[in-house]
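First residue of the sequence shown? That's 7 in this note's numbering, and the numbers climb one at a time after it. Since the structure comes first, as structure tokens, the remarks are kept for the end.
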Amino acid sequence: LQGLPYALKDSIDIVEDYTIAGHESLRTFDALIDSDLATVYKQGDAVCLGKTQLPPLSAWYATENPMTGNTGNPFNRDFKTGGSSGGSGAAVAARIVPFAIGGDTGGSVRVPAAMNGVQGFRPSSGRWPDAGAIPICFADVLGPLARSVADIKLLDTISASDHPENGPT
7 LQGLPYALKD
17 SIDIVEDYTI
27 AGHESLRTFD
37 ALIDSDLATV
47 YKQGDAVCLG
57 KTQLPPLSAW
67 YATENPMTGN
77 TGNPFNRDFK
87 TGGSSGGSGA
97 AVAARIVPFA
107 IGGDTGGSVR
117 VPAAMNGVQG
127 FRPSSGRWPD
137 AGAIPICFAD
147 VLGPLARSVA
157 DIKLLDTISA
167 SDHPENGPT
């Protein structure tokens, strides 16, 4: 990934930043270790620019948060960004980062991808590492939002833990 910038949904741990998951009670939660996925990207020399907005504990269908505000769609601030990973979708659509990682239980990667005009992918459960992410339930998976299907394919090749030979060396 050689210095490629990216963003993480703020329910995924990285030691350089708090993981508040959009909730007041976690405002100063300081991760002591990186999530497994952040470790994969660090090994590949990617650079996390920051965390993206989400509703409190990802438990809402829109990226609205009374503590941190609402995420506006980069094409029209009156439109929603969709799903709890709407901050990740908006960051990619606004060209802040070429890819961002979100979490998906019932559409929280796929819906923001559609509503922000980018690509999203929900890997099968267990395909991508999820240790170090705050889940809603057992069906949660981490997945990418990017500008193209080719970028999604590259990220899946790098990130898939069910094929560790594909990871960075």
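Note that beta-carbon positions come from the ideal geometry of N, C-alpha and C, so glycine has one too.
From Asn82, Cys143, Val53 and Ala37, pick the residue whose C-alpha is nearest to that of Ala65; which is it? Here residue 65 corresponds to residue number 59 of the sequence shown, with the count starting at 1. Taking only the C-alpha atoms, the option nearest Ala65 is Cys143.
- Query: Which residue spans inside the stretch 93-137 form an unbroken alpha helix (DSSP H) run of at least 4?
  - Reply: Fully contained in the stretch 93-137 are the following alpha helix (DSSP H) runs of length 4 or more, in chain order: 116-122.
Three CB pairs or more closer than 8 Å across the stretch 9-22 and the stretch 84-98
Touching, yes.
message = From the DSSP secondary-structure annotation, give me the bridge partner or partners of Asp36.
response = Against the sequence shown, residue 36 aligns to sequence position 30. According to DSSP, Asp36 bridges with Tyr24.
_Counting beta carbon pairs with one atom in the stretch 67-85 and one in the stretch 160-167, are three or more of them shorter than 8 Å?_
A contact between stretches requires three or more CB pairs, one per stretch, nearer than 8 Å, and the stretch 160-167 fails this requirement with the stretch 67-85.
Margin query: Met73 and Gly28 - do their beta-carbons sit closer together than 8 Å?
Written below: Here residue 28 refers to the residue found at position 22 of the sequence shown. Here residue 73 refers to the residue found at position 67 of the sequence shown. For Gly28 and Met73, yes; Cβs fall inside 8 Å.
Worksheet item: In or out: Arg128 buried (at least 16 other Cβ within 10 Å) or exposed?
Response: Your numbering for residue 128 matches position 122 in the sequence shown. Flag for Arg128 reads buried.
On the DSSP letters alone, give me the boundaries of the beta strand (DSSP E) that Leu14 sits inside. Taking the sequence shown and counting its residues from 1, one reaches residue 14 at position 8. Per DSSP, the continuous beta strand (DSSP E) segment holding Leu14 begins and ends at Pro11 to Lys15.
Report task. Quick one: grab the DSSP three-state call for Pro62. Result -> Mapped onto the sequence shown, residue 62 falls at position 56. In this structure, Pro62 counts as helix in the three-state DSSP scheme.
- Is there a Cβ from chain D that is less than 8 Å from the Cβ of Thr69? The displayed structure is made up of one protein chain only, and chain D is not part of it.
- Query: Shortest alpha-carbon distance to Gly8 belongs to which of Ser41, Tyr47, Phe35 and Arg33?
  - Reply: By 1-based counting over the sequence shown, the position of residue 8 is 2. The sequence given here has Gln at residue 8, not Gly. Relative to Gln8, the option among Ser41, Tyr47, Phe35 and Arg33 whose CA is nearest is Tyr47.
Could you pull out every residue in the same chain whose Cβ sits closer than 8 Å to the Cβ of Asp40, ignoring the five residues on either side in sequence? Mapped onto the sequence shown, residue 40 falls at position 34. So the list reads Asp19, Ile20, Val21, Lys48 and Gly138, once near-sequence residues are dropped.
Margin query: Cutting at 6 Å between CB atoms, please list the residues of its own chain near Ala145, excluding the five before and the five after it.
Written below: The residue given as residue 145 occupies position 139 in the sequence shown. Taking Ala145 as the centre and dropping the five residues before and after it, the same chain places the C-beta of Thr111 closer than 6 Å to its C-beta, in chain order.
Under the rule that 16 or more other beta-carbon atoms within 10 Å means buried, what is Ala119, buried or exposed? What you label residue 119 is simply residue 113 of the sequence shown in a count that begins at 1. Here Ala119 is buried: its Cβ has 16 or more other Cβ atoms, across all protein chains shown, within 10 Å.
Original post:
Among the residues of its own chain, which have a CB less than 6 Å from the CB of Thr77, if the five just before and after it don't count?
Top reply: Looking up residue 77 in the sequence shown gives position 71. Cβ within range, chain order: Gln59, Thr69, Thr87, Gly92, Gly93 and Ala96.
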